[in-house]
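Read the structure below first, then the notes.
In the UniProt record's numbering, the protein residues as written are 1 to 551.
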């Protein structure tokens, strides 16, 4: 399920009726409409996102008559007053950090505000993109089991066919090596048990990411022994006991995204790969392996949900809406521990996780600075993931993907270009928009990629080179040849070299196995994928060959 693609379906099937949405620039954020269970309501203490608590609840907590008190109950016990005050202290977040407008640093000047807003834009971007995509792709009554476009929360959607040039709406740079499945999980109420069938030698990988797009676990062929497995995704504060044989996967945020990639050996292997794919399941712990477990309830479809791609929705948000939505979402999905310095900077602008950010309260000079900072952040977002001199041809990433620490720019750029990136130990992607001399790839020319003897991509899994048109979609061509795969067993010359031919017209028959059709004219791009790369690729001692223009 491509979370950056548009869908004809919309979200909120997973939010209970006690939640109501707030809208920021057309993007709705769920808000609890009532106080948390067991807590009273006070007149001036609003619980998260704004329910007023009536005054009569104060009297019930603070002032209760003792046994034997007079009829009017006027004899009060200070101990009960103390307990009531303690309750306010314990729930002080309701009136303070959760909803109150945060104070703005009076010493903050516009130059600093602009820098904070620019950095903050990149920091917040994955969270807003993930949440927007989650809504789009969970706005289904039943799972899409053919094209993998979406499913209700905690249920798998399957892409059960290989993509081709006629298949639209599955996102940019589709992968022709694998079938894939995915789900959006929500384990706030209880764990979710994921069962994987016995792969019987078939390669597969799973990626589980939190709402900040960081991968927190990656079960699969690389990490798990052979045989079927059961995993339970649990919330960070869950303290229960799992059944024997179920491995715990603790999620940093209560919601997140799980993605499965399943290798297949060409079209003849499709049916067997589909059968393996159908063996993946997701079941709430309370229903897992229960004889009379209730079938999953249908999801809910919200016809009013915006249908535009998640990335377009986030890009269209104003600075005010962007940071207000971020503050609210960061209260629901806790930031990482190493984010403290960034959060301290944002606090100077009045942006606090779980707080209420009122852009209009900023002085005019700071409002202008924040708007300029957001524009600067958007420009930096559109830069290459690792801007550096010499970016030409297929360039291997210098930095690891999947987990980013405090490299917020890399994290934001990675999710914008290729959605949630797997761990580098599982997969490496190298993209090329130019030849090895830095000239844009153009179908008007012929190109060659020559692998020297014993220098094909070093993998324990498999590799491929896929060609995309100027819209990052598969190129329509007569032979439906979209990639050169390791499984194709490309022809090798007598000297041990192997050459991939990129050109519009078919080469001589002896070279057709190594031919990757390009457009007749216009820009195209390439993506080299290495599944389960060896150390030489992970550590950067192996480099892809040059893309050489022939004419």
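Note that beta-carbon positions come from the ideal geometry of N, C-alpha and C, so glycine has one too.
Does DSSP classify residue i as helix, strand or coil?
i: residue 308; result: coil
i: residue 129; result: helix
i: residue 281; result: strand
i: residue 531; result: strand
i: residue 440; result: strand
i: residue 505; result: coil
i: residue 447; result: strand
i: residue 483; result: strand
i: residue 136; result: helix
i: residue 462; result: strand
i: residue 517; result: strand
i: residue 351; result: coil
i: residue 429; result: strand
i: residue 474; result: strand
i: residue 415; result: helix
i: residue 498; result: strand
i: residue 547; result: strand
i: residue 537; result: helix
i: residue 552; result: Beyond the ends of the chain as shown, which are 1 and 551, falls residue 552; an answer cannot be given.
i: residue 367; result: helix
i: residue 525; result: strand
i: residue 512; result: helix
i: residue 401; result: coil
i: residue 294; result: coil
i: residue 381; result: helix
Compute the Euclidean distance between the alpha carbons of residue i and residue j, then round it to the nearest angstrom.
i: residue 259; j: residue 106; result: 45 Å
i: residue 317; j: residue 332; result: 20 Å
i: residue 193; j: residue 249; result: 10 Å
i: residue 159; j: residue 169; result: 12 Å
i: residue 562; j: residue 267; result: Because the chain here runs from 1 to 551, residue 562 falls outside it and cannot be looked at.
i: residue 184; j: residue 132; result: 12 Å
i: residue 210; j: residue 142; result: 24 Å
i: residue 361; j: residue 281; result: 49 Å
i: residue 117; j: residue 139; result: 32 Å
i: residue 50; j: residue 424; result: Because the pLDDT at residue 50 is just 35, under 50, the model does not fix this residue reliably, and the point stays unresolved.
i: residue 270; j: residue 163; result: 12 Å
i: residue 523; j: residue 382; result: 18 Å
i: residue 386; j: residue 419; result: 16 Å
i: residue 414; j: residue 421; result: 7 Å
i: residue 389; j: residue 155; result: Residue confidence is low: residue 389 scores 49 on pLDDT, short of 50, so the model does not pin down where it sits. Its coordinate-derived value is still stated next. For residue 389 and residue 155, the distance between alpha carbons rounds to 44 Å.
i: residue 171; j: residue 451; result: 30 Å
i: residue 378; j: residue 128; result: 14 Å
i: residue 295; j: residue 288; result: 11 Å
i: residue 243; j: residue 284; result: 13 Å
i: residue 445; j: residue 503; result: 7 Å
i: residue 398; j: residue 150; result: 33 Å
Beta carbon of residue i, beta carbon of residue j: below 8 Å?
i: residue 123; j: residue 373; result: no
i: residue 501; j: residue 480; result: no
i: residue 516; j: residue 550; result: no
i: residue 254; j: residue 126; result: no
i: residue 152; j: residue 299; result: yes
i: residue 350; j: residue 103; result: yes
i: residue 205; j: residue 426; result: yes
i: residue 568; j: residue 341; result: No statement about residue 568 is possible, as the shown extent of the chain runs from 1 to 551 and does not include it.
i: residue 416; j: residue 311; result: yes
i: residue 235; j: residue 251; result: yes
i: residue 319; j: residue 246; result: no
i: residue 223; j: residue 199; result: no
i: residue 146; j: residue 161; result: yes
i: residue 177; j: residue 359; result: no
Who are the near neighbours of residue i in its chain, counting only those whose CB is closer than 6 Å to its CB and skipping five residues on each side?
i: residue 37; result: Residue confidence is low: residue 37 scores 38 on pLDDT, short of 50, so the model does not pin down where it sits. No coordinate-derived value is stated.
i: residue 542; result: 458 and 536
i: residue 394; result: 430, 432, 528 and 544
i: residue 346; result: 120
i: residue 195; result: 230 and 281
i: residue 273; result: 179, 262 and 264
Excluding the five sequence neighbours on either side, which residues of its own chain have a C-beta within less than 7 Å of the C-beta of residue i, listed in chain order?
i: residue 546; result: 393 and 436
i: residue 534; result: 458, 459 and 460
i: residue 496; result: 453 and 454
What residues in its chain sit with their C-beta under 8 Å from that of residue i, if we drop five residues either side in the sequence?
i: residue 475; result: 165, 467, 468, 469, 482, 517, 518, 519 and 524
i: residue 327; result: 351, 352, 353, 354, 355, 356 and 357
Subject >> Those runs of the alpha helix (DSSP H) which lie wholly inside the UniProt domain "DUF1254" (153-284) and span at least 4 residues >> reply: Qualifying alpha helix (DSSP H) stretches, in chain order: 270-278.
Subject >> Entirely enclosed alpha helix (DSSP H) segments - the region 317-348, minimum 4 residues >> reply: Qualifying alpha helix (DSSP H) stretches, in chain order: 319-332 and 340-347.
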